[in-house]
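Mapping of the sequence shown onto the working numbering: residues 38 to 455, in sequence order. Data block below; observations after.
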Amino acid sequence: MFREVVMILSLWKYMQGYVVIRVRGYSPERFINLCANKNIYIWNVRKIADGYIFCISGKAFFMLSPIAKKTKCRVKILKKIGMPFKFLKVKRRKYFLYGLLISIAAVIMLSFFVWRIEIEGNMKYTTEEITAYLTKENVTIGSFKPKIQCSKLDDQLLSHFNQTMWVSSELIGTKLIIHIREGVESEVIIDDKKPCDIVATNAGTIVSIITRKGTPLVKQGDVVEKDTVLVSGTLEIKELTQLKAVEFTHSDADILLKTKYPYSDTISYQYIERNYIKDQQKTDKALQFFNHRINLLKPKINSMNYDIVEKQKQIEPIKNFYLPIYYMTTTFMIYEEVEKTYTVEETEEILKSRLNLHMEKLEENNIQILSNDVIFKEDKEAFIATGSIYVIEKNGQDKFFDELTRRQGYNEYFTEED
Numbered sequence: 038m039f040r041e042v043v044m045i046l047s048l049w050k051y052m053q054g055y056v057v058i059r060v061r062g063y064s065p066e067r068f069i070n071l072c073a074n075k076n077i078y079i080w081n082v083r084k085i086a087d088g089y090i091f092c093i094s095g096k097a098f099f100m101l102s103p104i105a106k107k108t109k110c111r112v113k114i115l116k117k118i119g120m121p122f123k124f125l126k127v128k129r130r131k132y133f134l135y136g137l138l139i140s141i142a143a144v145i146m147l148s149f150f151v152w153r154i155e156i157e158g159n160m161k162y163t164t165e166e167i168t169a170y171l172t173k174e175n176v177t178i179g180s181f182k183p184k185i186q187c188s189k190l191d192d193q194l195l196s197h198f199n200q201t202m203w204v205s206s207e208l209i210g211t212k213l214i215i216h217i218r219e220g221v222e223s224e225v226i227i228d229d230k231k232p233c234d235i236v237a238t239n240a241g242t243i244v245s246i247i248t249r250k251g252t253p254l255v256k257q258g259d260v261v262e263k264d265t266v267l268v269s270g271t272l273e274i275k276e277l278t279q280l281k282a283v284e285f286t287h288s289d290a291d292i293l294l295k296t297k298y299p300y301s302d303t304i305s306y307q308y309i310e311r312n313y314i315k316d317q318q319k320t321d322k323a324l325q326f327f328n329h330r331i332n333l334l335k336p337k338i339n340s341m342n343y344d345i346v347e348k349q350k351q352i353e354p355i356k357n358f359y360l361p362i363y364y365m366t367t368t369f370m371i372y373e374e375v376e377k378t379y380t381v382e383e384t385e386e387i388l389k390s391r392l393n394l395h396m397e398k399l400e401e402n403n404i405q406i407l408s409n410d411v412i413f414k415e416d417k418e419a420f421i422a423t424g425s426i427y428v429i430e431k432n433g434q435d436k437f438f439d440e441l442t443r444r445q446g447y448n449e450y451f452t453e454e455d
């Protein structure tokens with residue numbers, strides 16, 4: 038029972054508020070006695086070398102001034118304890134609390150939107166291409182998360198980008214992550230009921246032709262020009278040598294063509310080299326909130342010759358919880374332009390490396406390189422590479438035709454019902 042009473046009294050004192058004070062002076066003992074005479078309640082009285090330390094309620098503290106004068110003592114508050122003092126601190130910091138509450142409300146509101154989009158696994162398709170398509174589908178930075186249906190978005194991406202085997206998107210925090218796995222080009226739906234011919238896209242010599250549908254008009258070893266019909270969509274059905282019927286079909290064939298690609302490249306002997314001066318580099322720091330930029334440090338640039346390197350870091354207070362706030366660092370790299378001259382050997386080496394790089398890109402597109410007759414020659418102001426690259430490539434392009442127009446030459450083989 039005693040413990041409960043003590044606990045209630047302690048709680049009451051805390052709710053009323055009290056202070057811990059120190060009394061020093063001519064007669065601190067008399068000070069304590071006068072407090073008792075005036076019915077001023079004090080507790081936890083502790084003797085120190087030159088006075089006393091004790092607790093007194095906040096209201097009673099203001100009654101000590103006459104007693105302090107009479108006893109020639111000095112009173113000092115050591116500590117303030119209780120709810121009234123807590124409320125006083127809160128009142129003094131109300132603007133801070135208002136700001137804190139507004140900030141919490143703003144963060145909660147921002148959590149309903151996408152503030153970062155990451156694309157993983159893409160190699161053939163650039164991030165810019167995929168981002169442009171997402172923008173077209175109204176999936177952008179700032180999109181309302183509940184409106185984004187990940188399963189529907191996956192199907193749209195898989196359908197639009199043919200060379201993707203698998204797409205999976207997910208929302209984590211304020212971040213949209215799109216996982217892509219690329220592979221063999223997805224089968225494109227073609228209307229194989231619509232009749233067409235196959236024509237050459239380049240001039241060259243037929244290396245091989247395997248026809249699945251249609252009438253082949255060329256054979257191995259034939260020389261063809263661009264737009265020559267290689268496989269016709271017209272099927273003439275003959276009995277011995279006599280034409281009996283005519284049908285039209287969607288031509289289909291695998292054709293390999295030996296052809297050549299013209300090649301030319303030039304490099305000037307004179308060139309400008311940039312020498313960067315590290316000691317003169319300048320840095321600008323800024324904060325960007327949505328589209329509003331606040332420069333924190335804007336340096337003065339005295340030179341007109343400089344490159345800009347910009348880095349930005351998106352604020353992420355909690356993992357995967359990004360905000361539309363960026364910390365940006367812009368470096369101005371000052372340089373001097375120095376005019377220099379290549380030697381003939383250097384220019385030839387550069388042109389050869391460019392030629393090899395070009396042929397590597399052709400091979401990446403499943404084009405077989407046979408040879409090249411590129412020659413390198415000196416000119417007055419430049420070194421020139423000219424010639425041709427001989428290749429074997431898969432050739433042939435569908436060319437649709439109007440069936441009614443082509444029937445005119447075979448009217449006797451069609452009835453009115455056809």
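We put the beta carbon where it would ideally sit given N, CA and C, even for glycine.
Burial state of Val346 is exposed, judged by a 10 Å Cβ sphere holding fewer than 16 other Cβ atoms. Nearest Cα to Gly88 within the set Ile352, Lys113 and Asn328: Lys113.
The Cβ neighbour count for Trp203, taken over all protein chains shown within 10 Å, is under 16; the residue is labelled exposed. Here the C-alpha atom of Lys212 lies approximately 15 Å from the C-alpha atom of Tyr363.
A distance of 8 Å or more separates the beta carbons of Ala290 and Gly258. Annotation for Pro299: the continuous beta strand (DSSP E) segment containing it runs Asp289 to Ser305. Annotation: the continuous beta strand (DSSP E) that includes Val57 extends over Tyr55 to Gly62. A distance below 7 Å between beta-carbons, with the five flanking residues on each side excluded, links Val255 to the following residues of its chain, in chain order: Ile243, Ile246, Val261 and Leu267. Under DSSP, no beta-bridge partner is assigned to His395. Following the DSSP letters along the chain, one finds Lys161 in no beta strand (DSSP E), marked with neither H nor E. CA-CA distance, Lys161 to Ile178, rounds to 23 Å. C-alpha of Lys417 to C-alpha of Ile387: approximately 18 Å in a straight line. Counting every other CB atom within 10 Å of its CB across the protein chains shown gives Ile338 a total below 16, marking it as exposed. Taking 8 Å as the cut-off, the Cβ atoms of Phe181 and Phe150 count as close. With fewer than three CB-CB distances shorter than 8 Å, the region 397–416 does not count as touching the region 314–330.
Rounded to whole angstroms, the gap between the alpha carbons of Lys116 and Ile93 is 11 Å. Here Met146 carries a helix assignment [DSSP, helix/strand/coil]. Put simply, the backbone Cα of Ile429 is about 6 Å away from that of Leu293.
Here Pro354 carries a coil assignment [DSSP, helix/strand/coil]. According to the DSSP secondary-structure assignment, His329 is paired through a beta bridge with Phe326.
Here Ala237 is buried: its Cβ has 16 or more other Cβ atoms, across all protein chains shown, within 10 Å.
Rounded to the nearest whole angstrom, the C-alpha separation of Ala73 and Phe122 is 26 Å. For Val60, the CB contacts under 7 Å within the same chain, skipping 5 residues up- and downstream, are Phe68, Gly88, Tyr89, Cys110 and Val112 in chain order. Going by beta carbons, Ile58 and Phe91 fall inside the 8 Å limit. Pairing Ser148 with Asn199, the inter-Cα distance amounts to about 34 Å. Proximity to Tyr359 across Gln307, Ser102 and Met146 peaks at Met146, based on C-alpha coordinates. It is roughly 27 Å from the alpha-carbon of Thr278 to the alpha-carbon of Asp439. As computed with DSSP, Thr378 is found in a beta bridge with Gln307. Remark: C-beta atoms of Thr303 and Ala143 do not approach each other more closely than 8 Å. In the structure shown, Phe438 falls within a coil segment according to DSSP collapsed to helix, strand and coil. In this structure, the straight-line span from the alpha carbon of Met341 to that of Asn357 is close to 41 Å. Cβ-Cβ separation between Lys436 and Asp234: approximately 5 Å, consistent with a contact (criterion under 8 Å). Short of 6 Å from the beta carbon of Tyr306, and not among the five residues preceding or following it, lie these beta carbons of its own chain, in chain order: Thr378 and Tyr379. In the structure shown, the three-state DSSP call for Met365 is strand. Going by C-alpha positions, Phe327 is about 18 Å away from Thr168.
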